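Numbering (our numbering), first residue to last: 37 to 658.
By construction, the Cβ of each residue, glycine as well, lies at the ideal position given by its N, Cα and C atoms.
Just so it is clear, the structure is predicted and the values come from calculations on it, not from any experiment.
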């Protein structure tokens with residue numbers, strides 16, 4: 037809850053500390069607020085627009101509602117400085133947020149307005165602002181997450197008691213998630229097929245609204261004091277208590293301006309738009325793309341509706357044919373990879389409402405290990421598997437990793453090798469990932485650990501072979517694990533197999549300069565597959581649990597990556613193939629190659645099996 041609070045308007049701190057912080061913040065802001073309190077006027081509303089996500093001026097219907105018919109509009113973001121200094125949210129996410137707020141403030145300046153960054157908690161801040169600013173209208177973007185709903189309900193109650201009108205608008209998701217639940221019999225659809233069936237009966241997503249203009253803001257400007265930056269300015273990382281020495285430049289710069297520029301570049305790839313084919317994966321795919329959009333969609337710097345319709349308009353121009361609305365909806369929806377972004381929040385609502393009931397009736401679920409040491413080595417990139425460690429190093433340095441890299445490290449931590457709970461992985465990703473969204477992050481981890489949504493537990497990512505096929509030369513590892521840069525491509529994915537002479541030449545002795553593998557992958561994966569098999573045998577006797585649901589489309593993300601031909605590919609491994617880890621050979625009978633990715637034919641077969649699964653959950657009972 038606290039991690040979500042950082043980006044949704046604050047979190048709950050210890051009462052004593054909270055009282056001190058609230059008093060200090062109130063004392064500082066009250067003087068400034070009193071100095072710029074509006075003179076009583078009888079015409080129009082005195083509006084406050086509350087930014088949380090949706091950090092943009094384009095396609096922001098709640099902001100337009102604040103401007104409409106108002107004589108004064110203030111744009112507010114509430115930030116809790118105590119929480120910033122004590123939370124587990126990483127510095128990259130905070131930097132992205134602060135950059136987004138700075139960009140928003142610059143855009144508002146062009147409209148002769150400013151962003152008011154108010155320190156404190158919403159529950160403490162709003163009663164004071166309502167009174168000191170004479171607020172009569174509060175607007176904000178609807179938040180579908182359970183935490184957000186609870187927070188907003190409390191603020192709406194306060195507003196009602198203060199006689200303040202509240203206007204909320206849905207613009208963070210393409211569809212009204214509450215409407216989807218209503219159309220599905222007052223319960224969320226728990227399969228992808230059912231989800232698509234529901235949205236096919238709905239109208240197309242609303243088109244994005246225009247940006248607020250200087251003409252609209254002209255008649256409702258709030259007075260800005262000379263001390264605005266000292267009182268309501270965007271703080272720096274140092275002010276929030278983050279050490280910045282040694283912090284590299286941001287790979288992803290936050291803000292609406294950057295988001296819109298990236299969108300333009302993204303849509304320049306006309307061939308991809310025309311075919312909707314997934315790009316061939318190669319080593320460069322693992323690096324952050326200048327057209328990447330996921331953090332901007334997560335923070336609302338980019339409207340998902342603008343992305344949807346810009347993509348569709350370009351598709352129509354390139355193809356010069358207008359397919360039926362249903363085909364249009366499906367193609368664009370999938371192309372934007374928006375399905376999980378819309379579906380997982382629905383599943384989270386259902387899970388929270390059914391937790392107590394499920395606990396009473398559910399069979400035994402996987403009993404995960406509680407190895408703090410294993411979790412720490414995984415999170416810090418010290419597992420002894422260069423492919424896994426390089427991914428975690430990139431995540432910690434840049435705040436982003438490719439979705440197939442996420443698959444690899446998630447499988448390794450959970451059902452693949454370490455048998456550590458997916459919930460631990462959620463917390464690490466929530467700290468480090470720029471685009472970590474509460475519901476999508478949790479849903480993805482449940483899926484990848486085979487705890488829900490996906491049942492092909494026998495499919496496992498090999499921490500050697502998967503990376504080798506993606507980047508045969510090993511340049512990705514050399515980039516993020518420079519201590520291994522001296523190893524030849526043949527050994528860079530399994531340096532423990534390198535002769536001592538090669539280790540010395542590389543100036544990296546395994547077990548001294550770089551750790552030995554934390555587990556024997558061949559043995560661990562076999563053991564864990566048997567564990568999952570036993571769990572699913574128990575589940576097969578139980579009907580109605582959400583773990584029996586499946587999301588067939590997600591199988592597509594498991595397609596074997598295809599490396600671009602390169603001169604280094606032929607010499608990247610020995611003719612005998614990968615050598616086994618110390619401690620035991622891999623089973624020659626297991627075509628998963630210690631659970632590598634299945635070949636295309638087997639994958640297609642599994643996809644067909646997944647598609648044949650029931651689109652509805654079985655009814656409860658015997």
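Residue i, enclosing alpha helix (DSSP H) - first and last residue
{"i": "residue 267", "result": "264-268"}
{"i": "residue 86", "result": "Note, residue 86: premise wrong, no alpha helix (DSSP H); beta strand (DSSP E) at 81-87."}
{"i": "residue 168", "result": "158-168"}
{"i": "residue 532", "result": "Here residue 532 belongs to no alpha helix (DSSP H), and DSSP marks it neither H nor E."}
{"i": "residue 232", "result": "228-236"}
{"i": "residue 519", "result": "Here residue 519 belongs to no alpha helix (DSSP H), and DSSP marks it neither H nor E."}
{"i": "residue 293", "result": "292-302"}
{"i": "residue 354", "result": "340-355"}
{"i": "residue 474", "result": "474-484"}
Residue i - DSSP class collapsed to helix/strand/coil
{"i": "residue 604", "result": "No answer about residue 604 holds up, because its pLDDT of 35 lies below 50 and its placement is not dependable."}
{"i": "residue 561", "result": "helix"}
{"i": "residue 506", "result": "helix"}
{"i": "residue 205", "result": "strand"}
{"i": "residue 106", "result": "strand"}
{"i": "residue 332", "result": "helix"}
{"i": "residue 427", "result": "helix"}
{"i": "residue 675", "result": "With the chain represented from 37 up to 658, any question about residue 675 goes unanswered, as that position is not in the structure."}
{"i": "residue 257", "result": "strand"}
{"i": "residue 198", "result": "coil"}
{"i": "residue 186", "result": "helix"}
{"i": "residue 413", "result": "helix"}
{"i": "residue 222", "result": "coil"}
{"i": "residue 462", "result": "helix"}
{"i": "residue 132", "result": "helix"}
{"i": "residue 282", "result": "coil"}
{"i": "residue 449", "result": "helix"}
{"i": "residue 568", "result": "helix"}
{"i": "residue 78", "result": "Bear in mind that the predicted position of residue 78 carries a pLDDT of just 43, short of 50, making it unreliable; the figure below should be weighed with that in mind. It is coil, neither helix nor strand."}
{"i": "residue 437", "result": "coil"}
{"i": "residue 211", "result": "coil"}
{"i": "residue 361", "result": "Because the pLDDT at residue 361 is just 49, under 50, the model does not fix this residue reliably, and the point stays unresolved."}
{"i": "residue 512", "result": "helix"}
{"i": "residue 101", "result": "helix"}
{"i": "residue 442", "result": "helix"}
{"i": "residue 274", "result": "coil"}
{"i": "residue 243", "result": "coil"}
{"i": "residue 326", "result": "coil"}
{"i": "residue 418", "result": "coil"}
{"i": "residue 526", "result": "coil"}
{"i": "residue 319", "result": "helix"}
{"i": "residue 488", "result": "coil"}
{"i": "residue 501", "result": "helix"}
{"i": "residue 469", "result": "coil"}
Nearest-angstrom Cβ-Cβ length linking residue i and residue j, presumed shorter than 8 angstroms
{"i": "residue 405", "j": "residue 424", "result": "Their Cβ separation, rounded to whole angstroms, is 17 angstroms, which puts residue 405 and residue 424 out of contact at 8 angstroms."}
{"i": "residue 136", "j": "residue 328", "result": "15 angstroms between Cβ atoms; not a contact."}
{"i": "residue 434", "j": "residue 128", "result": "7 angstroms"}
{"i": "residue 237", "j": "residue 219", "result": "6 angstroms"}
{"i": "residue 298", "j": "residue 332", "result": "7 angstroms"}
{"i": "residue 527", "j": "residue 538", "result": "6 angstroms"}
{"i": "residue 88", "j": "residue 179", "result": "7 angstroms"}
{"i": "residue 561", "j": "residue 496", "result": "5 angstroms"}
{"i": "residue 210", "j": "residue 241", "result": "4 angstroms"}
{"i": "residue 319", "j": "residue 511", "result": "6 angstroms"}
{"i": "residue 322", "j": "residue 441", "result": "6 angstroms"}
DSSP bridge partner residues for residue i (one or two, in chain order)
{"i": "residue 113", "result": "87, 153"}
{"i": "residue 550", "result": "546"}
{"i": "residue 405", "result": "456"}
Endpoints, the beta strand (DSSP E) within which residue i is located
{"i": "residue 174", "result": "173-177"}
Any non-hydrogen atom of the ligand COA closer than 6 angstroms to residue i Cβ
{"i": "residue 569", "result": "In terms of ligand content, the structure shown is empty, and the ligand COA therefore cannot be addressed."}
Worksheet item: Do the segment 328-348 and the segment 287-304 touch if we need at least three Cβ pairs shorter than 8 angstroms?
Response: yes
Practice prompt. Could you tell me whether the segment 200-211 touches the segment 166-183, using the rule of 3 or more Cβ pairs below 8 angstroms?
Written response: Judged by pairs of C-beta atoms under 8 angstroms, the segment 200-211 touches the segment 166-183, as three or more such pairs exist.
Worksheet item: Does the segment 455-465 come close enough to the segment 536-548 that 3 or more CB-CB pairs lie under 8 angstroms?
Response: The segment 536-548 makes no contact with the segment 455-465, as fewer than three CB pairs between them are under 8 angstroms.
Discussion item. Using 8 angstroms as the cut-off, can you tell me whether the segment 147-155 makes contact with the segment 93-113, which would need three or more C-beta pairs spanning the two stretches below that distance?
Written reply: Judged by Cβ distances under 8 angstroms, the segment 147-155 makes contact with the segment 93-113, as three or more pairs qualify.
Worksheet item: Should the segment 252-270 be regarded as contacting the segment 214-233, the criterion being three or more beta carbon pairs within less than 8 angstroms?
Response: no
Worksheet item: Is it a yes or a no for the segment 514-524 touching the segment 468-479, going by three-plus beta-carbon pairs under 8 angstroms?
Response: no
Worksheet entry | Sufficient close CB pairs (3 or more, under 8 angstroms) joining the segment 405-420 to the segment 545-560 | With the cut-off at 8 angstroms, the segment 405-420 and the segment 545-560 touch.
Worksheet item: When the Cβ atoms of the segment 446-457 are set against those of the segment 137-145, are three or more pairs found closer than 8 angstroms?
Response: No: fewer than three Cβ pairs fall under 8 angstroms.
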